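Just so you know, we're using our numbering here: the sequence shown kicks off at 1 and counts up by one.
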Amino acid sequence: MLILILPFLIVILVNSFSPQATFSYKKENCTRYCHNNGCPHFEKKMADVKPGSLKSKAFDFYCWNIEALKNNPLDLSYAEMNILVYVLFFPLSSVFLFRFLVRKKKHNQKKQAPTLRSSILPPNCVLLFIGPLYWYFVDFCVNAGNGMGLTYIEFNFILFCLLFPLITIILIFLNIYRYLLSPLLKRKK
1 MLILILPFLI VILVNSFSPQ ATFSYKKENC TRYCHNNGCP HFEKKMADVK
51 PGSLKSKAFD FYCWNIEALK NNPLDLSYAE MNILVYVLFF PLSSVFLFRF
101 LVRKKKHNQK KQAPTLRSSI LPPNCVLLFI GPLYWYFVDF CVNAGNGMGL
151 TYIEFNFILF CLLFPLITII LIFLNIYRYL LSPLLKRKK
């Protein structure tokens, strides 16, 4: 349970000790302005980057990710899809995979495939908490990025395009190893 709660506690702590969110542009660091209008701080950092370089391709991937969230097949708004994917799907799937990984095997029990029950929000759903929740997480990304000396875009790329998928992939491979490869390796001995 702590694994599920810890990321939210970090978000609350970062936002609690950060300046009040603003839509105004600030020269020294990112604000909600960077979210809504593009990030001038990031554009300055990208000015010297050559097209086709790793940093340029990473930014292209980040832009593709945003477009995929905007043009989703569920006909949800960008904010709804963002919450669904990055606040619900990735954390819950990671917790599920982690719990599945660390649970003790029962030797005398028939093995059953794990199931994950999930529900998808209906198309065009309007939930009153989506807007405030979305902006709360935007503020976290702005504040955490500023605290680390990163722009809003750099922090988002690291968190959503690298860390979330990487953690999920690692947990999937650890589960594959534990439940598929580990028994095979033990039989060979």
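Note that the Cβ used here is the ideal one computed from N, Cα and C, for glycine as well. These numbers were taken from a predicted model, which means no experiment stands behind them.
Within 10 Å of its beta-carbon, does residue i have 16 or more other beta-carbons around it, so buried, or fewer, so exposed?
i, result
"residue 81", "buried"
"residue 154", "buried"
"residue 75", "exposed"
"residue 138", "buried"
"residue 114", "Interpretation of residue 114 is limited by its pLDDT of 44, a score under 50 that renders its predicted location unreliable; no figure is taken from the coordinates."
"residue 47", "exposed"
"residue 184", "exposed"
"residue 94", "buried"
"residue 12", "exposed"
"residue 169", "exposed"
"residue 171", "buried"
"residue 140", "buried"
"residue 83", "buried"
"residue 150", "buried"
"residue 34", "buried"
To the nearest whole angstrom, what separates the beta carbons of residue i and residue j, a pair I think is in contact under 8 Å?
i, j, result
"residue 134", "residue 142", "That pair is no contact at about 13 Å."
"residue 175", "residue 97", "6 Å"
"residue 79", "residue 131", "7 Å"
Please tell me whether residue i and residue j are closer than 8 Å, where the distance is taken between their beta carbons.
i, j, result
"residue 62", "residue 156", "yes"
"residue 136", "residue 15", "yes"
"residue 69", "residue 85", "yes"
"residue 32", "residue 23", "yes"
"residue 161", "residue 65", "yes"
"residue 49", "residue 57", "no"
"residue 164", "residue 90", "yes"
What are the start and end residues of the alpha helix (DSSP H) that includes residue i?
i, result
"residue 28", "Where residue 28 is concerned, there is no enclosing alpha helix (DSSP H), given that its DSSP letter is neither H nor E."
"residue 99", "90-102"
"residue 78", "78-82"
Inset, instruction - Please list the segments of the beta strand (DSSP E) lying wholly inside the stretch 9-69, counting only runs of 3 or more residues, in order along the chain. - result: Within the stretch 9-69, no run of beta strand (DSSP E) at least 3 residues long lies entirely inside it.
Inset, instruction - Give, in chain order, every unbroken run of the alpha helix (DSSP H) that is at least 4 residues long and sits entirely within the stretch 138-163. - result: Runs of the alpha helix (DSSP H) inside the stretch 138-163: 152-156.
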